[in-house]
Amino acid sequence: MELSTVFLQLTTATLGSLGFSLIFNVRGKQLFYTTLGGFLSWAVYLLLQPTGLEDVARYFISSVVITIYAEICARRRRTPATVFLVSAAIPLIPGSNLYATMVYAVHLNGPQFSRDFIRCCWPVPFLPALSWSLQSCTL
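Just so we're aligned: 1578 in my numbering is position 96 of the sequence shown, and the numbers increase by one with no gaps anywhere.
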(Lines of atoms letter the chains of each structure in order from A and count residues from 1; the text may use other names and numbers.)
(Lines give C-alpha, C1' and ligand atoms only; values in the text may rest on other atoms or scores of the structure.)
Protein backbone atom coordinates (compact mmCIF):
# COMPACT_ATOMS: atom_id res chain seq x y z
CA MET A 1 0.00 0.00 0.00
CA GLU A 2 1.33 3.42 -0.89
CA LEU A 3 2.36 5.82 1.83
CA SER A 4 0.01 8.50 0.50
CA THR A 5 -2.92 6.08 0.72
CA VAL A 6 -2.02 5.14 4.29
CA PHE A 7 -1.69 8.81 5.22
CA LEU A 8 -5.07 9.61 3.66
CA GLN A 9 -6.78 6.71 5.43
CA LEU A 10 -5.27 7.61 8.80
CA THR A 11 -6.21 11.27 8.32
CA THR A 12 -9.83 10.46 7.47
CA ALA A 13 -10.07 7.98 10.37
CA THR A 14 -8.75 10.63 12.74
CA LEU A 15 -11.09 13.30 11.40
CA GLY A 16 -14.03 10.90 11.55
CA SER A 17 -13.32 10.20 15.21
CA LEU A 18 -12.93 13.91 15.86
CA GLY A 19 -16.27 14.62 14.22
CA PHE A 20 -18.11 11.99 16.23
CA SER A 21 -16.36 13.13 19.41
CA LEU A 22 -17.73 16.62 18.77
CA ILE A 23 -21.19 15.20 18.08
CA PHE A 24 -20.95 13.29 21.39
CA ASN A 25 -20.09 16.59 23.09
CA VAL A 26 -16.60 15.56 24.21
CA ARG A 27 -14.64 18.57 25.44
CA GLY A 28 -11.17 19.53 26.63
CA LYS A 29 -8.28 17.09 26.74
CA GLN A 30 -10.66 14.16 26.31
CA LEU A 31 -11.23 15.35 22.74
CA PHE A 32 -7.55 14.79 21.95
CA TYR A 33 -7.59 11.27 23.44
CA THR A 34 -10.82 10.22 21.71
CA THR A 35 -9.44 11.42 18.39
CA LEU A 36 -6.13 9.64 19.02
CA GLY A 37 -8.12 6.47 19.67
CA GLY A 38 -9.65 6.66 16.20
CA PHE A 39 -6.19 7.06 14.70
CA LEU A 40 -4.95 4.09 16.73
CA SER A 41 -7.84 1.82 15.75
CA TRP A 42 -7.31 2.32 12.04
CA ALA A 43 -3.50 2.23 12.33
CA VAL A 44 -3.69 -1.21 13.97
CA TYR A 45 -6.09 -2.37 11.26
CA LEU A 46 -3.72 -1.17 8.53
CA LEU A 47 -0.63 -2.62 10.24
CA LEU A 48 -2.29 -6.04 10.22
CA GLN A 49 -3.12 -5.89 6.52
CA PRO A 50 0.21 -7.34 5.27
CA THR A 51 -0.19 -10.34 7.58
CA GLY A 52 -2.91 -11.77 5.35
CA LEU A 53 -5.49 -11.96 8.13
CA GLU A 54 -9.14 -11.75 7.14
CA ASP A 55 -10.95 -8.46 7.71
CA VAL A 56 -12.90 -9.93 10.61
CA ALA A 57 -9.72 -10.89 12.48
CA ARG A 58 -8.19 -7.47 11.88
CA TYR A 59 -11.35 -5.76 13.15
CA PHE A 60 -11.31 -7.93 16.26
CA ILE A 61 -7.63 -7.32 17.04
CA SER A 62 -8.09 -3.60 16.49
CA SER A 63 -11.11 -3.69 18.81
CA VAL A 64 -9.06 -5.39 21.50
CA VAL A 65 -6.32 -2.76 21.18
CA ILE A 66 -8.73 0.18 21.42
CA THR A 67 -10.52 -1.46 24.35
CA ILE A 68 -7.25 -1.58 26.25
CA TYR A 69 -6.49 1.97 25.14
CA ALA A 70 -9.91 3.19 26.32
CA GLU A 71 -9.46 1.58 29.73
CA ILE A 72 -6.04 3.17 30.16
CA CYS A 73 -7.39 6.58 29.15
CA ALA A 74 -10.42 6.16 31.40
CA ARG A 75 -8.28 5.51 34.43
CA ARG A 76 -5.81 8.28 33.72
CA ARG A 77 -8.42 10.86 32.72
CA ARG A 78 -11.02 9.78 35.32
CA THR A 79 -13.66 9.53 32.62
CA PRO A 80 -15.85 6.54 31.63
CA ALA A 81 -14.16 4.23 29.12
CA THR A 82 -17.17 4.47 26.82
CA VAL A 83 -16.24 8.05 25.95
CA PHE A 84 -12.95 6.86 24.46
CA LEU A 85 -14.19 3.54 23.15
CA VAL A 86 -17.11 4.68 21.01
CA SER A 87 -15.19 7.43 19.23
CA ALA A 88 -12.22 5.14 18.67
CA ALA A 89 -14.45 2.47 17.14
CA ILE A 90 -15.94 4.79 14.49
CA PRO A 91 -13.22 4.11 11.87
CA LEU A 92 -13.90 0.38 12.16
CA ILE A 93 -17.38 0.73 10.66
CA PRO A 94 -16.99 -0.97 7.26
CA GLY A 95 -18.37 1.77 5.01
CA SER A 96 -17.15 0.53 1.62
CA ASN A 97 -18.01 -3.10 2.35
CA LEU A 98 -21.44 -2.12 3.62
CA TYR A 99 -22.02 -0.01 0.49
CA ALA A 100 -21.05 -2.89 -1.83
CA THR A 101 -23.30 -5.27 0.08
CA MET A 102 -26.25 -2.90 -0.21
CA VAL A 103 -25.63 -2.48 -3.96
CA TYR A 104 -25.91 -6.26 -4.35
CA ALA A 105 -29.15 -6.19 -2.32
CA VAL A 106 -30.67 -3.42 -4.46
CA HIS A 107 -29.69 -5.24 -7.67
CA LEU A 108 -31.25 -8.44 -6.26
CA ASN A 109 -27.96 -10.32 -6.53
CA GLY A 110 -28.78 -12.73 -3.69
CA PRO A 111 -25.70 -14.98 -3.75
CA GLN A 112 -23.24 -12.07 -3.85
CA PHE A 113 -25.22 -10.18 -1.20
CA SER A 114 -25.27 -13.22 1.11
CA ARG A 115 -21.55 -13.86 0.68
CA ASP A 116 -20.57 -10.24 1.36
CA PHE A 117 -23.02 -9.83 4.22
CA ILE A 118 -21.79 -12.92 6.03
CA ARG A 119 -18.13 -12.16 5.32
CA CYS A 120 -17.91 -8.50 6.27
CA CYS A 121 -21.06 -7.00 7.73
CA TRP A 122 -22.59 -9.62 9.97
CA PRO A 123 -19.74 -10.08 12.50
CA VAL A 124 -18.38 -6.52 12.53
CA PRO A 125 -20.87 -4.97 14.98
CA PHE A 126 -20.36 -7.86 17.37
CA LEU A 127 -16.55 -7.82 17.43
CA PRO A 128 -16.15 -4.62 19.44
CA ALA A 129 -18.90 -5.80 21.79
CA LEU A 130 -17.16 -9.13 22.24
CA SER A 131 -13.83 -7.41 22.83
CA TRP A 132 -15.38 -4.98 25.32
CA SER A 133 -17.13 -7.81 27.16
CA LEU A 134 -13.97 -9.88 27.46
CA GLN A 135 -12.09 -6.85 28.72
CA SER A 136 -14.78 -6.08 31.30
CA CYS A 137 -14.56 -9.64 32.63
CA THR A 138 -10.78 -9.52 32.98
CA LEU A 139 -10.25 -6.06 34.50
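Ideal Cβ placement from N, Cα and C applies to all residues, glycine included. Every value quoted in this text rests on a predicted model; they were computed, and no experiment measured them.
(request) Decide if the stretch 1547-1555 is in contact with the stretch 1563-1575; the criterion is three or more beta carbon pairs, one per stretch, under 8 Å apart. (result) Verdict: yes, contact present.
(request) In the DSSP assignment, find the alpha helix (DSSP H) that holds E1553 and state where it starts and stops. (result) D1537 to R1559
(message) DSSP three-state label for N1591, please.
(response) coil
(message) If the criterion is Cβ atoms closer than 8 Å, does the pair L1492 and A1525 meet it?
(response) The answer is yes: Cβ separation under 8 Å.
(request) Determine the direct distance from the alpha carbon of Y1527 to that of A1539, and round the result to whole angstroms. (result) 9 Å
(request) Compute the distance between the beta-carbons of L1518 and S1503, then report whether it is under 8 Å. (result) no
(request) Within 10 angstroms of the Cβ of Y1541, are there 16 or more other Cβ atoms? Answer buried if so, exposed if not. (result) buried
(request) List the endpoints of the continuous alpha helix (DSSP H) containing G1501. (result) L1485 to I1505
(request) Let me know the secondary structure DSSP gives T1508 once reduced to three states. (result) Residue identity check: residue 1508 is Val in the sequence provided, not Thr. Three-state result, V1508: coil.
(message) Can you give me the C-alpha to C-alpha distance between L1535 and E1553, rounded to a whole angstrom?
(response) 26 Å
(request) Verify whether the separation of the beta carbon atoms of F1566 and T1516 is less than 8 Å. (result) yes
(message) Could you tell me the alpha carbon to alpha carbon distance between V1588 and N1579, rounded to whole angstroms?
(response) 14 Å
(message) Cutting at 7 Å between CB atoms, please list the residues of its own chain near G1498, excluding the five before and the five after it.
(response) G1520, I1572 and P1573
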